[in-house]
Amino acid sequence: MPVNSLFGGVDASRSALGAEQLRMTVAAENLAHAGDTARLANGLPYARQRVLFSAVMDAQGDTTGQVNSQVVASPRYLQRYDPDHPDADAATGMVKEPDIDPILELTDLLVASKAYESNANAARGLLRMHENALRLGES
221 MPVNSLFGGV
231 DASRSALGAE
241 QLRMTVAAEN
251 LAHAGDTARL
261 ANGLPYARQR
271 VLFSAVMDAQ
281 GDTTGQVNSQ
291 VVASPRYLQR
301 YDPDHPDADA
311 ATGMVKEPDI
321 DPILELTDLL
331 VASKAYESNA
341 NAARGLLRMH
351 ENALRLGES
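Here it is in structure tokens:
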């Protein structure tokens, strides 16, 4: 985080808030598609999504305090034999569905919401400190 930035901490919290919001959205989307067998345009059912976080670096290779988030699809699917299912493969009778564990998704949703809350509290605390510093000059 740049030393000369007055609001660097708030910017870092803002970046983390966006990343955690994306994480909650992806977990909710995964929950909504658990058990989906309908094939998409690529011929496969919905694929479980994950959010990967990484630190943003400046030109000198130092961290900026910002978070980069990237959504990636998991290539794993569960298969079961059900030749009467409308989405079954005609040749093998196998039905593919995304490898989504609702417990894991709910846990990820809970952890992301707590991290979001923590970052929001940190940003509020930093803004209060800036306000108090400005009030020092009023006396």
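The sequence shown begins at 221 in the working numbering and counts up one residue at a time. We put the beta carbon where it would ideally sit given N, CA and C, even for glycine.
Where does the unbroken alpha helix (DSSP H) through residue i begin, and where does it stop?
{"i": "Ala-293", "result": "Counting along the chain, Ala-293 falls outside any alpha helix (DSSP H), though it belongs to the beta strand (DSSP E) covering 283-293."}
{"i": "Tyr-336", "result": "322-356"}
Run through DSSP, which three-state label would residue i get?
{"i": "Ala-241", "result": "For clarity, residue 241 is Gln in the given sequence; the question names Ala instead. Three-state DSSP puts Gln-241 in a helix."}
{"i": "Leu-251", "result": "helix"}
{"i": "Arg-296", "result": "coil"}
Relative to the alpha-carbon of residue i, which residue among the options has its alpha-carbon at the smallest distance?
{"i": "Ala-258", "options": "Ala-279, Met-314, Leu-356 and Ala-353", "result": "Met-314"}
{"i": "Ser-294", "options": "Ala-267, Leu-346 and Met-277", "result": "Ala-267"}
{"i": "Gln-299", "options": "Leu-330, Asp-309, Arg-355 and Ala-275", "result": "Asp-309"}
{"i": "Pro-306", "options": "Asp-256, Phe-227, Asn-339 and Gly-357", "result": "Asp-256"}
{"i": "Tyr-242", "options": "Val-291, Ser-274 and Ala-261", "result": "Before going further, note that residue 242 is Leu rather than Tyr in the sequence given. Selected option, being the one with the closest Cα: Val-291."}
{"i": "Gly-263", "options": "Ile-323, Tyr-297 and Ala-340", "result": "Tyr-297"}
{"i": "Ala-236", "options": "Leu-326, Val-271 and Met-349", "result": "Val-271"}
{"i": "Glu-215", "options": "Leu-326, Ala-353 and Ala-342", "result": "The structure shown does not extend to residue 215, since the chain is modelled only from 221 through 359, so no value can be given for it."}
{"i": "Ile-320", "options": "Gln-269, Ala-261, Ser-274 and Val-331", "result": "Gln-269"}
{"i": "Gln-286", "options": "Gly-229, Leu-330, Pro-265 and Gly-357", "result": "Gly-229"}
Considering just the uninterrupted stretch of the beta strand (DSSP E) at residue i, what are its terminal residues?
{"i": "Pro-318", "result": "314-318"}
{"i": "Ala-275", "result": "269-277"}
Exercise for the section: Count the CB pairs spanning the stretch 332-347 and the stretch 225-234 that are closer than 8 Å, and state whether there are at least three. Expected result: yes
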